[in-house]
Structure formats: C-alpha cells, structure tokens
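In order, the protein sequences belong to chains A and B.
When we follow our numbering, the leftmost residue of the first sequence carries the number 44, and every step to the right adds one.
When we follow our numbering, the leftmost residue of the second sequence carries the number 1281, and every step to the right adds one.
Quick reminder that beta carbons are idealized off the backbone N, C-alpha and C, glycines included.
To keep things clear, I will list the structure first and then write my remarks on it.
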Amino acid sequence: MPDLLIELFSEEIPARMQRKAADDLRKMVTDGLVEAGLTYGGAAAFATPRRLTLAIDGLLAEAPRTVEERKGPRVDAPEKALEGFLRGVGLTRDDLEVRDDKKGQVYFAKIVQEGRPAAGIIAEVLDSTIRNFPWPKSMRWGTGSLKWVRPLHAILTILSDEAGAVIVPFEVDGITAGDTTFGHRFMAPAQFAVTDFEDYEAKLKRAHVVLRSDERAEQIWNDAEQIAFAQGLELVEDKALLAEVSGLVEWPVVLMGEIGADFLELPPEVLQTSMREHQKFFSVRNPKTARIEKYVTVANRETADNGATILAGNSKVLAARLSDAKFFWENDLRVAKDGMEAWVDKLGNVTFHNKLGTQKERIDRIAALAREIAPKVGADPDLAEKAARIAKADLSSEMVYEFPELQGVMGKYYAKASGLPDAVADVAELHYAPLGPSDDVPSEPLSVAVALADKIDTLTGFWAIDEKPTGSKDPFALRRAALGVIRIVLENDIRMSAADGDLLAFIHDRLKVYLRDQGVRHDVIDASIAMPGSDDLTLLVKRTRALQDFLDTEDGENLLQGFKRANNILAAEEKKDGIEYSLDPDPKFAEEASEKALFAALDKAQPDISKAVSDEDFAKAMGVMASLRAPIDAFFEAVQVNTKNDVVRRNRLCLLNRIRTVMNSVAAFSALDG
Amino acid sequence: MTGSETSKPKSFQEIILRLQNYWSSRGCAILQPYDMEVGAGTFHPATTLRALGSNHWAAAYVQPSRRPTDGRYGENPNRLQHYYQYQVLIKPSPPDLQDLYLGSLQAIGIDAEIHDIRFVEDDWESPTLGAWGLGWEVWCDGMEVSQFTYFQQVGGHDCKPVSGELTYGLERLAIYILGVDHVMDMPFNDPQSPIPLSYGDVFKQTEQEYSRWNFDVADTDTLLQHFKDAEAECQRILDAPSEDPKTGKRIIMAHPAYDQCIKASHVFNLLDARGVISVTERQAYIGRVRALAKLCADAFVQTEAGGQAA
C-alpha cells in the first residue's frame, strides 16, 4: 500500500495559525479520502512558517468497488415520487428492479460505485480542501481568485511505494503539483525533488528546515537554557512565546544578548513585557537576585559571524524600546510621587462605557462599595476606600498606555513610590484577581474588599443597563466577574449578600457551573438555592456540600426515598381532596406502634434540627435527620395511610406533612431528583 | 548585484536614491511625492485610487508624511511629526514580490547573508480609507523595516486584481543602516561633501516649529471649518453631472474630490493633535472621512484609469 505526501508551500503563514492549519489539513484530507473509500494506516501533519505538510501511510491504492441497494417507492406510487427517487440515485427507470414487499410491489435500485485509483480521489479531495480551508483570515493575490492565508506557490503531492514515487496529477488555480519543494529561504533556497516522507524530512533538514514544530521548540528551549546556564543564569519560562517563536523560524538559532546597564533598574515585569511583546525575546534571570539581566532571541539562520551582526541589531532595537519604557517609568514616577490623585482626576475624561459614565465615576462607585464591604471581610473601611481610589490610577500612566497588560502591576509600583503602605499598594495589582479559573484569589482583606467591589460594580452596572451575556457573547467578561465574586467569597469564607433578583440568578448559574466541575450534582445545588439566604453564597455552598455528603450515604439515599414517598402521597391526596394537610398531627390518633414511634422520633429530632439549622451546622442537621430514616421506613412498612377512618387518615397525611416540613427546613428536598 | 549596490550607503539621500534606482530598474514608474499633506504614502492617489479597478500599475515614490501627534520637538531619536515613506505599489502583485523586496534591501546595504530577515504577521487596515489587506511587517534583526501588504479592499471595493504594497519607513531604516543613534545626527547628504548636512540641519527647527503649532497654536475653530468645507466640497464635486457642459465630454472628477478627502483627513489629524476630539467623536470623524474615501473610490472606478472602458 502506498504512502501519500502532500506539501502546500506558501509565503509566511502567521505563527498563531500554523498548528490549527496542520490539524485542519490532516482532518479534511483524511475525512475526504475515507469518505471516498480510501482507508489508511496513519496520518501526521506538520507546519513551518512556509509550509503545511501531510504524510499519510498505508493508503489503499484504490477505492474498492461498492454496491449499495436502495429501496424506492411502491410501483403504484405517484409519478413524482418515482422521479425524485431516480434523481436521488442517478439512475433511469430501466435500471430499477421490482420486488415484492410486505406492502406490495416496490422499486429497488442498485447503486454500483466502480473501484477508483487513489490518484483521482486525492486530487478531488485536495482541491476541495484547498478551496474550503478554514483559515481565520484568507486573501487573494495577483490576478487569481483562489484564497489562501498568503500567496500559495507550490504543491507537492506524491504517492510512493517500493516501486518508487509518482506525482499525483493535480492543478489548482494555475499551480501544478509536483514532487519538488524548496529549502530555507536564505540558507538553501534551491528546489529539490523528494521520493517519500523520510526522504523529504531528511532533505529538508539538509536544506536547513526543521519540519516538526515541537522539534524546533525543543531545540530552542534546550539551547536557550544551556546558553543561560553556562553563565549562571536561568531562562524565564514562557510557553506561549516559545510556541510563537517556533512558528517564526524554520532553522532556529538561539542567541543571548545584553540588556543595557541603564535599564536593569526597571521593574522586571516591564523588561519582560517590553521584550516579549515588541521583540519576542525570552527573559534571562539571575537566580541570585531574581533580576532580569539578559535576553535570548531566536534567529532564523546561521551566519558567518556567528550571529554577531544580528545580535548587535537586536540589542540596538531593544535599547530604543527600553529607552521609551524608561522614559515612561521616570515620568510616571514623578507624577506618582506627588500622589496619584492627578491620575484619577484624568480618568474623569475617559469613558468606561457610554451608559455607565467615566472611569472616575466608576472608581467613585467602587470606593464607596469597598467601604461598605470592608467590615464584612475584616478590612479597615478608610483604607479600603483609599485603596479603591488609587487601584486603577495607573490607567492614566504612560507605561500602562503603552503596555495595557501591565495595569495593576505598575499601579503597585507607583503606589509604593507615592508613599502608600504596601498593603494598600498591593491592592492595585491584586484587585483584578482572579483573572482566570485557575488564577489565585486574593486573601488580604483590603484586596478582597476592593476586588469584590470592583466585580460587583461591574455586574450591577451592566445589569442595570441590560447588557447581559447572551449565548457565547460576553463582551464585558461578566461571567468571569461573577466567577470572581464566587471564588473570592467562598475561598475567604465571606458572609455577605452577593446580589439580588435577576443578577443573583445569574450568579447562581455560574455557581452551578463552578460546583458541577467539582462533582456537585445540579439538583443538589438547586435544593440549596431554593432555601432562604441563598444570596449568601458561603451559606449556600455550606448547605449544598452537607446535603451532597448526606445523599452520598445510605441513610441519606433512603431518607430521600421516604421523603419522595411522603411527598407523592400528600400531593396526590391534597389534589384529590382540594385541601392542604398542614395542621399539626396529633399523636392521640396514632394507631400503629410504628406510627407512634415516628411521632416520638420527630418530637425528638425536630428541636435538634432547628437548632442545627439556625447554627448553620448543616452536617449536624443532616446527621439528626438520618435518625428519622428507620422510623419513616418502618412507618411506610406497617401503615396504610389511606385508611377508611377519615380522622386517622387526615392525621396521617398531616404527619407526612410534618416529615416534609422538617426535611424542607434543612434543604428543598422536593427539588432533588429521585 | 553590483559591488556598489551592496556597499553601505553613506547618507539618507543615498538610501532614497538607491531605492529609486532599484525600483526603476524593476520597471516601476518613479513618481514624485503628492503635493498635499498626507498621513502616509498610502494616501497618494497613485496608491489609493490606482489600487482600484482592473488596469495594471507599477509605481514607486517617496512621500513626505505628517503625523501631528508624533511631534516631539525634534528630541526623540526616531519620532517625528514630518517624515518620509518610500512606497511601492504593483498591480497585479507579481509572484516574486517577496524576492523583489529582498533585492531592494540588498540594494540599500542590508545583506541577507549576515542579517536575520523575517516576515511577521501584521494585517493592515486603514479605517479612514475603508481599506484592508493581509501581509507582514518585515523585521531585520528584530527591527521593523517595512510593511508588506496585499491589498484586499480599498474604499469599500474589492481589489481585483490584487495590488502588492511595500512601505519603507525611511528615517528608521536609515538610522539603522547608517548606524546612528539619533535621527537628527544622521547624514542627509554625503558627509564628505563640501557642505555636509545632517538630518537635524534640515529638519530640527521645523520639527520644533510644527510641534508647537500642532499641539498648541493651530486654531481649532478654523480647522473645524476647514474640515466641514472639505467635506462639503468633496460632495459637491462628486454631485456634478459626469458630462462636462463646456467640452461635452464625460469627465468624472474623482481626483479633485479625493484631494478634498485627503484634506479632511489631515485636518482631522491636526484636530486630534490639538486634543479637541473626544474618544467618541473620534470614531465619528473617522467615519466621515471614510465615507468620503468611499465616494471617491466609487467615482474613480467609473473613470478610464479606474478600469472603465473609454
């Protein structure tokens, strides 16, 4: 069985698109081949800045002949039905066979697909793959109408087996497939022919192209670590940058350069951000001082001067960039030292959202709210308000204007420079947390107060102007804000009302998602949400967890069944009689021993449950409830609720109601799935 | 490549002259700068309008460009409110455009054998021109030396065929090639000339004068009126019937109208530098300029140069 090799050779493909493009190529081509009856052994796809490559091994040399039988309309069906059927199967009436069926005489069609050699199928599949390729953005070039991510120059398509390689005849928009490709743009630009994948990869390497992106990434990382280690330094990990850089080179060459002495005093975050964002440099740190002292850049070629010219150029560009950063830093420090209020005032000219006012108005709201929240989280109200006022001041700074991702971090440095205590300064950085589901949650009371105030203000604000998330659209990241509130409240054990009304329902929804990821059942959360005080998320979750634990026990599972039984009987009888059995049952009408025992058990348990619930000790409440399992089971075992004696019957129904009421005082058992 | 071409240029003007020679030898018409204030070489009608329609085109030119907000009184090492762009536009984009471009770097002394040249994704969009394209910024040893774009749309019209556009930021490129640290220190002519002139000798004073005028002195009421006038005149020109009553010929005045669009765009940039345009108004102004650019593009494609049969 032959192997298939495809290479689509183009001008430089954006690094961020390469991985998905390789996956898409593999999926689209293999799906198309299998659909046409060409199965294969294995398939692997690769991407470099200039090529997408697909290697398929063990492909069938031809698609087998297939015969498919399809049942059509009855012979006496209207003409229209027959016409439609003929169109569908692509046959004429003479090709059909008439057979007896249960319902009478029916037409049958036999669709024969003759075997086809692989080459024709490959050409069709490749044509449709290229024309329908899901690039995030694609373009036309020259006079052509074909769309690709950048101009497509050459296509290699060969089938190879023991006998050798043959080109799969194929042409798209004037590009004819061949068995050749090109090496590195500068180091080995010549065209060369290949015979199979192994030959292709080996010849590419000789032509200074490393085909596999993970191999390029590994090589970059190892070389960079080594070069840093040799000087007693360490590389700062940055996986996203590594992935990007390995998509920018076909022949990675790692070079380490100096950061000018003038710039070493800049905050490490500034150095790292400027180098990563502008230059795609890795940072190199001195492990003894934790300071960033050098950089690593990845060139796309070897040079006769071992990269000296390249490094000199890069260092010069870096110096220009860092002069800018230093200029911003020094200007900002001058402002910060006079207090940060000037920056906050400037935010009075910056619109946050046209219906929610300026950033300054937003800060005023957050400050007031932080003051209100402070006592509930153990923070000093004056300090919380102060911290909230300066937490976003750095949005006016030159550095954050240049590097928006440094918001908060710069605020912390500037607040410290302005003489504020560390705990207040830290709020500038920490109040944005948590940014992602795995990001740390602030625990310092001041940061907690401001982080909550910030997120709650965002939520209530956008709720008030009816800009709620819909479907996949959440432009103001309100789901993230709600999850932030949930995590801050829960992880710090905070007791406060998170929201009310529709917004509370939204937060409850996010809470369900959050708890479901931790294995808590949906209906168990509902059973707690239905209880009073569900705006207090800490209380809500405490109840939920106790209930979940309880239901995981045998007693809990059984008691739930008892509750359901009681509830079902009650519901049915109440509906039938048109009344509610909500009076206190009287033990004097109890006839059976098990009935009396149940009264006694309820009398004993009820005060303990009430106390535990009011102490918010739900585990204890559940534990006491467990003692009701046996008497309830025994009651249903021995007692017929719907007895002929109406007084006894009513009393029993009221007893069932008492069970229901007692249990519902702990959690809404009626919301639980059987 | 001849020896003299690969040697290092000695001055700013030599870099420009070599680019002129190079693109001339590759068949481009060497045009002169457009005689109006523009923000970038793209605004020259030789790019904006000629990228439209089916006629083939190949032009290269220097375009003095003005970005009032970038004024730094001549102090910043590479930021200027008035600077030069070198612009190449070829329609349809030839298949070897990348190689042609790399040849131009070689011509101005950037040897790909010892430098690291990279094509880094950068999609180009001009909200004021209603234009976009895909391409790269070209990096040389980590520095952006050019913008390389395949035009997909201009003035709301699909580009068919597609033009390839190259834009070189001449000062930045020259600072790098000539190895100076500050733009004002860069030799403008040959330093061995009887009267050697630096970039600063030519432009330091004007940078100061324009920075002051742009930021603090330009009369905003006058500018606002200029904007409205240009907008109205653009409309009026395009509203004129296409048949000229005097000559009896069909004369659609796409270029005079487009001049008014350029004017409006530059006046907007000046107003922006004066700080009188708020964030929300900004979008509205950009939208107004774009509307003019679209009208001009609509008009141009009705003309002979725009591909309409005469």
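Interface partners of residue i on chain B, CB under 9 Å
i, result
"K180/A", "D1403, L1414"
"T352/A", "D1391, I1394, H1395, D1396, D1421"
"D348/A", "I1394"
Proximity to residue i [Cα-Cα], best of the options
i, options, result
"I1557/B", "K1526/B, P1325/B, Q1588/B, L1504/B", "L1504/B"
"K63/A", "P92/A, V705/A, I201/A", "P92/A"
"Y444/A", "L390/A, S490/A, L254/A", "L390/A"
"T316/A", "V296/A, A304/A, R364/A, A351/A", "R364/A"
"G195/A", "P1374/B, G1383/B, Y1302/B, N1549/B", "At residue 195/A the sequence reads Leu, which differs from the Gly that was named. Cα-wise, what sits closest to L195/A is P1374/B."
"S1491/B", "D1315/B, V1425/B, P1348/B", "P1348/B"
"D425/A", "G84/A, P488/A, Y457/A", "P488/A"
"H1437/B", "S1287/B, C1576/B, N1356/B, R1554/B", "C1576/B"
"V77/A", "A104/A, P485/A, E241/A", "A104/A"
"N1301/B", "Y1341/B, R1568/B, S1406/B, W1419/B", "Y1341/B"
"D579/A", "A385/A, M318/A, N535/A", "N535/A"
"D509/A", "L399/A, M539/A, G462/A, V452/A", "L399/A"
"E1511/B", "S1287/B, G1567/B, L1382/B", "G1567/B"
"A347/A", "L1377/B, Q1361/B, R1359/B, D1391/B", "D1391/B"
"L189/A", "V1442/B, R1306/B, L1380/B", "V1442/B"
Residue j beta carbon less than 8 Å from that of residue i
i, j, result
"A152/A", "G115/A", "yes"
"I353/A", "D1396/B", "yes"
"I1409/B", "R1562/B", "The sequence shown places Leu at residue 1409/B, not Ile. Contact flag unset, no."
"Q1365/B", "L1477/B", "no"
"G226/A", "A236/A", "no"
"L554/A", "A524/A", "no"
"T581/A", "I537/A", "yes"
"I550/A", "V493/A", "no"
"G45/A", "D204/A", "The sequence given here has Pro at residue 45/A, not Gly. A contact, by the Cβ cut-off of 8 Å."
"Q1539/B", "M1316/B", "Per the sequence shown, residue 1539/B should be read as Asp rather than Gln. Taking 8 Å as the Cβ cut-off, D1539/B and M1316/B qualify as a contacting pair."
"A431/A", "A355/A", "no"
"A411/A", "A427/A", "no"
Cutoff 8 Å; reference residue i; Cβ partners in own chain excluding five residues on either side
i, result
"A271/A", "E277, L278, M299, V327, K337, V339"
"V705/A", "L645, A648, Q649, I652, M668, L671"
"K180/A", "V192"
"Q402/A", "L390, G391, V393, T394, F395, K435, L438"
"Y557/A", "L526, I529, R530"
"W1303/B", "I1310, A1340, V1368, S1384"
"T238/A", "I201, S203, G207, A208, D222"
"V656/A", "A664, S708, V709"
"S540/A", "D578, D579"
Cβ-based neighbour list, residue i, same chain, cut-off 7 Å, excluding 5 preceding and 5 following
i, result
"L134/A", "A152"
"A342/A", "V296, L298, G350, I353"
"F1292/B", "A1454, M1466, P1467, F1468, Y1479"
"M71/A", "T172"
"M1281/B", "With a pLDDT of 41 at M1281/B, under the threshold of 50, the predicted position of this residue should be treated as unreliable, though the coordinate-derived value follows. These residues qualify, in order along the chain: Q1386."
Chain-ordered neighbours of residue i on chain B, where CB pairs are closer than 7 Å
i, result
"T40/A", "No answer is possible for residue 40/A: the residues shown for chain A start at 44 and end at 717."
Contacting residues, own chain, Cβ-Cβ under 6 Å from residue i (five flanking each side not counted)
i, result
"G1586/B", "L1332, G1333, F1580"
"I218/A", "I198"
"E1294/B", "none"
"A58/A", "E287, G290, L291"
"V662/A", "A small correction: the amino acid at residue 662/A is Ala; Val does not occupy that position in the sequence shown. Here the set comprises A589."
"E50/A", "R94, T96, L199, T224"
Neighbour list for residue i in chain A, Cβ cutoff strictly below 8 Å
i, result
"Q1432/B", "M182, R183"
"F1399/B", "E54, E55, P92"
Whole-number beta carbon distance between residue j and residue i, since they are thought to touch under 8 Å
i, j, result
"G454/A", "A471/A", "3 Å"
"C1514/B", "A1537/B", "5 Å"
"E680/A", "S637/A", "7 Å"
"V684/A", "I612/A", "6 Å"
"T266/A", "V297/A", "According to the sequence provided, residue 266/A is Asp. The question's Thr does not apply to it. The Cβ separation is near 4 Å, so the contact holds."
"E1417/B", "F1431/B", "Actually they are not in contact, since the Cβ atoms of E1417/B and F1431/B sit about 16 Å apart, beyond 8 Å."
"I165/A", "L47/A", "7 Å"
"A1338/B", "G1319/B", "About 24 Å; that fails the 8 Å criterion."
Chain-ordered chain A contacts of residue i [CB-CB under 9 Å]
i, result
"Q1378/B", "E54, E55, P194, R228"
"Y1375/B", "Looking at the sequence itself, residue 1375/B is Pro, so the reference to Tyr does not match. Here the neighbours are W184, G185, P194, H196."
Any non-hydrogen atom of the ligand SAM within 7 Å of residue i CB
i, result
"E448/A", "Of ligands this structure carries none, so the ligand SAM is not represented either."
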